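A short write-up of the structure that comes next.
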Amino acid sequence: KGLRDQMVIDAGQKHFGATVCKSCGMVYSCANPEDEAHHIQYHQRFLDGIKYVSWSNERVVAQFWDGKIVMIQQGDSKYASKKAEDVRELVDRELGFKQVVLTYPTRTQTYLFVYNEKKIIGCLIAEPVRQAFRVLSEPSRTLESPTKNSLDPQRAWRCSTKPEKVFCGISRIWVFSLMRRKHIASRLVDVVRRTFLFGSYLSTDEIAFSDPTPDGKVFAAKYCQT
Ligand code: ACO
Ligand code: ZN
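Start counting the sequence shown at 1002; every next residue gets the next number (the working numbering).
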């Protein structure tokens, strides 16, 4: 993008008053009625989706000064399962996933980061996975070694052809846009490593991130080094 284009965009944003909603995080223009209508619709659906009301027998797997992590699994109450499903839908919409099937829906575990006892600001969905292919450092457009969703060029990372043994696949990880870079995703993964397989602490080599987005890849690379 040239400097000239950038200046036009900046001027345009000032003119139309682009703003970030402090509760739902959507960037929209107050001066554009269509945009504003879209925001009102999104806003309510988002806030309903992340609204957290504790349930009986909730499984608190970690507690922090700024929140807690609860885990939901097969067989939990209807209310808890519905919440997990609603948050997953919201995350899938943001990630642009359409009807991605879970490999083992009955053995999936959902971890929710709850802020202030009121809002879900992070979500991680973990599944039992036996093998994975390591993502090689550079994304490649020329080398054809497609991963599952290689239709999206941004996601066509080059993968090793040698399968490696893992125990846990992270099928989704998401943190509310206005709460990122506070180590919420890191804490979710820490807890998964500690609780996913009863009685063992998984190393970073024993977990795999499935089909990561650019954000996901930066995070995973950083997390797995530490
Ligand atoms: N740019 C650069 N470095 C980053 C970024 C980023 N966007 N995100 C994380 N990191 C690195 C940093 O080094 C960070 O530590 P630092 O802040 O002390 O420097 C470290 O990773 C740990 O980051 P966290 O704070 O734990 O990560 P966060 O809570 O912000 O969540 C996440 C990361 C989940 C990827 C978030 O950006 C997000 O929700 N993005 C949109 C959804 C998405 O793309 N999810 C991944 C999909 S792939 C999958 O689900 C398998
Ligand atoms: Zn809003």
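Cβ atoms here follow ideal geometry from the backbone N, Cα and C, with glycine treated the same way.
None of these values were measured; they are calculated from a predicted model.
Among the options, which one has its Cα closest to the Cα of residue i?
i            : options                   : result
residue 1166 : 1036, 1132 and 1213       : 1132
residue 1191 : 1181, 1037 and 1205       : 1205
residue 1087 : 1202, 1124 and 1134       : 1124
residue 1225 : 1215, 1211, 1195 and 1187 : 1187
residue 1036 : 1093, 1018, 1090 and 1202 : 1018
residue 1183 : 1066, 1060 and 1075       : 1066
residue 1108 : 1051, 1048, 1171 and 1094 : 1171
Given a cut-off of 8 angstroms, decide if residue j and residue i are closer than it, judged by their beta-carbon atoms.
i            : j            : result
residue 1070 : residue 1113 : yes
residue 1029 : residue 1115 : no
residue 1137 : residue 1160 : yes
residue 1111 : residue 1126 : yes
residue 1134 : residue 1164 : yes
residue 1022 : residue 1039 : no
residue 1178 : residue 1068 : no
residue 1193 : residue 1185 : no
residue 1073 : residue 1085 : yes
residue 1210 : residue 1200 : no
Taking 7 angstroms as the cut-off, does the CB of residue i come closer than this to any heavy atom belonging to ligand 2?
i            : result
residue 1031 : no
residue 1178 : no
residue 1072 : no
residue 1184 : no
residue 1169 : no
residue 1040 : yes
Return yes when at least one heavy atom of ligand 1 lies under 7 angstroms from the C-beta of residue i, else no.
i            : result
residue 1217 : yes
residue 1175 : yes
residue 1084 : no
residue 1116 : no
residue 1069 : no
residue 1036 : no
residue 1065 : no
residue 1077 : no
DSSP beta-bridge partners for residue i?
i            : result
residue 1123 : 1114 and 1176
residue 1129 : 1169
residue 1068 : 1065
residue 1134 : 1164
residue 1060 : 1072
Does the Cβ of residue i lie closer than 7 angstroms to at least one heavy atom of ligand 3?
i            : result
residue 1024 : This structure does not include ligand 3; its bound ligands are ligand 1 and ligand 2.
My parser needs the alpha helix (DSSP H) runs of 4 or more residues fully inside the stretch 1077-1118; what are they? When DSSP assignments are scanned along the stretch 1077-1118, the uninterrupted stretches of alpha helix (DSSP H) that are 4 or more residues long and fall wholly within it turn out to be 1079-1096.
Every unbroken beta strand (DSSP E) inside the stretch 1188-1217 [3 residues or more]: Those beta strand (DSSP E) runs which fall completely within the stretch 1188-1217 and span 3+ residues are 1208-1210.
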